[in-house]
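In full-length UniProt numbering, the protein residues as written are 1 to 303.
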């Protein structure tokens, strides 16, 4: 397909959730899905361990809406997959080349994806802090269904449980302290300096990689979206550490502000030496709180 690479607006502003763009192509793919290609986008395509944004694309000065269900990138071109609401032959024809469209990213999904992605990178720093700096960071999976970060190297089985607790304490201490998170496209030499003196082999020399910087820790190449401050991650639970076949996986998740408050109160109640399963307690108590709010709302409605 002869179209120019898509300009990624979220590269320069990760917190921009609405924008304007121009349609370059609208078609039905081989898999049967409808697709829009634009000259620019604020939608993050799936990749780099981060899931795709979802949302809406609307024709300017029209009620027509294209529901974005998935976003992918191939050879620098971003494909927005989805469907037109209340589609007809007439409505389909209005999504033509040259038309201006308005883009709206689903805010709650983007924020969760950003928190999960930033938490994964912050765990890299914590590994050094808890004596696991010998492990080399590998791939990350920052999806809501079982996020993890993977490292080359192993941890003795006898140390796994203690390291899990140490990591959880360390990352939440860093979150409480806060710190600026930023991303910038830099010349190769400057990027290497920001990343501790060198860049991974997959970054071509002479290129201008996008570098993520979290707090005072060394930067690293990353094309994803992130929080603006470490404190925006809110709270992290390290759910498990597995070591197998020369690799170590650290599984984690993020919680809400309500969960954080509940856990703080609960930990004070149990005492400093109380043994808490943070993920279980958080899930159960937040669910109980939600059930009570729903019951209260129903009582008001019945009146």
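Note that CB positions come from ideal geometry on N, CA and C, so glycine has one too.
Who pairs with residue 43 in a beta bridge, going by DSSP?
Answer is none; residue 43 lacks a bridge partner.
Can you tell me which of the three DSSP states residue 177 falls into?
Judged by DSSP in its simplified three-state form, residue 177 adopts helix.
For residue 73, list the residues DSSP reports as bridge partners.
In DSSP, residue 73 forms a bridge with 78.
Look up residue 35 in the DSSP assignment and give the residues it is bridged to.
Looking at the DSSP assignment, residue 35 forms a beta bridge with 27 and 81.
To the nearest angstrom, how far is the alpha carbon of residue 315 from that of residue 49?
Since the first and last residues shown for the chain are 1 and 303, residue 315 lies out of range.
How many Å lie between residue 308 and residue 106 at the Cα?
With the chain represented from 1 up to 303, any question about residue 308 goes unanswered, as that position is not in the structure.
With residue 101 and residue 83 assumed to form a contact (beta carbons below 8 angstroms), what rounded beta-carbon distance in angstroms separates them?
Your pair residue 101 and residue 83 does not check out as a contact, with CB atoms roughly 15 angstroms apart and the cut at 8 angstroms.
Buried versus exposed call for residue 170 [16 or more other C-beta atoms within 10 Å across all chains shown]
With 16 or more other Cβ atoms inside 10 Å of its own Cβ, residue 170 counts as buried.
Between the CA atoms of residue 113 and residue 295 - distance to the nearest angstrom:
Reliability of the predicted coordinates at residue 295 is poor, the pLDDT of 43 falling under 50, and the value obtained from them is presented with this limitation in mind. Cα to Cα, the separation comes out at about 30 angstroms.
Got a sec? Which residues, its chain only, sit under 7 angstroms from residue 207 by beta carbon, not counting five neighbours each side?
Around residue 207: 188.
Pairs of beta-carbons, one from the region 234-242 and one from the region 164-179, closer than 8 angstroms: are there three or more?
Two segments are said to touch when three or more pairs of C-beta atoms, one from each, lie closer than 8 angstroms; by this definition the region 234-242 touches the region 164-179.
Could you give the distance in angstroms between the alpha-carbon of residue 30 and the alpha-carbon of residue 224?
Per the coordinates, the alpha-carbon of residue 30 lies some 28 angstroms from the alpha-carbon of residue 224.
Identify, in the order they occur along the chain, each residue of the same chain with its Cβ nearer than 6 angstroms to the Cβ of residue 44, setting aside the five sequence neighbours on each side.
Around residue 44: 10, 53 and 225.
Tell me whether the beta-carbon of residue 211 lies closer than 8 angstroms to the beta-carbon of residue 125.
Between residue 211 and residue 125, the CB-CB gap reaches or exceeds 8 angstroms.
Alpha carbon to alpha carbon, how far is residue 40 from residue 21? Give it in angstroms, no decimals.
Rounded to the nearest angstrom, the two C-alpha atoms are 6 angstroms apart.
Rounded straight-line distance, which links the Cα of residue 242 to that of residue 157:
Distance between the alpha carbons of residue 157 and residue 242: 9 angstroms.
Where the alpha helix (DSSP H) containing residue 11 begins and where it ends:
Going by DSSP, residue 11 is part of the alpha helix (DSSP H) stretching over 9-12.
Buried or exposed: residue 34, going by 16 or more other Cβ atoms within 10 Å of its Cβ?
Result: buried.
Tell me whether residue 233 is buried or exposed, calling it buried when 16 or more other Cβ atoms sit within 10 Å of its Cβ.
Here residue 233 is buried. Its C-beta has 16 or more other C-beta atoms within 10 Å.
Cβ shell of residue 273 (< 7 angstroms), same chain only, five flanking positions each side left out:
Bear in mind that the predicted position of residue 273 carries a pLDDT of just 48, short of 50, making it too unreliable to give a figure here.
Boundaries of the beta strand (DSSP E) in which residue 217 is found, first to last residue
Looking at the DSSP string, residue 217 is not in any beta strand (DSSP E), and its letter there is neither H nor E.
Measure the CB-CB distance between residue 175 and residue 91 and report whether it falls below 8 angstroms.
With contacts defined by Cβ atoms closer than 8 angstroms, residue 175 and residue 91 do not form a contacting pair.
Does chain D have any CB closer than 8 angstroms to the CB of residue 105?
Of the protein chains in this structure there is only one, and it is not chain D.
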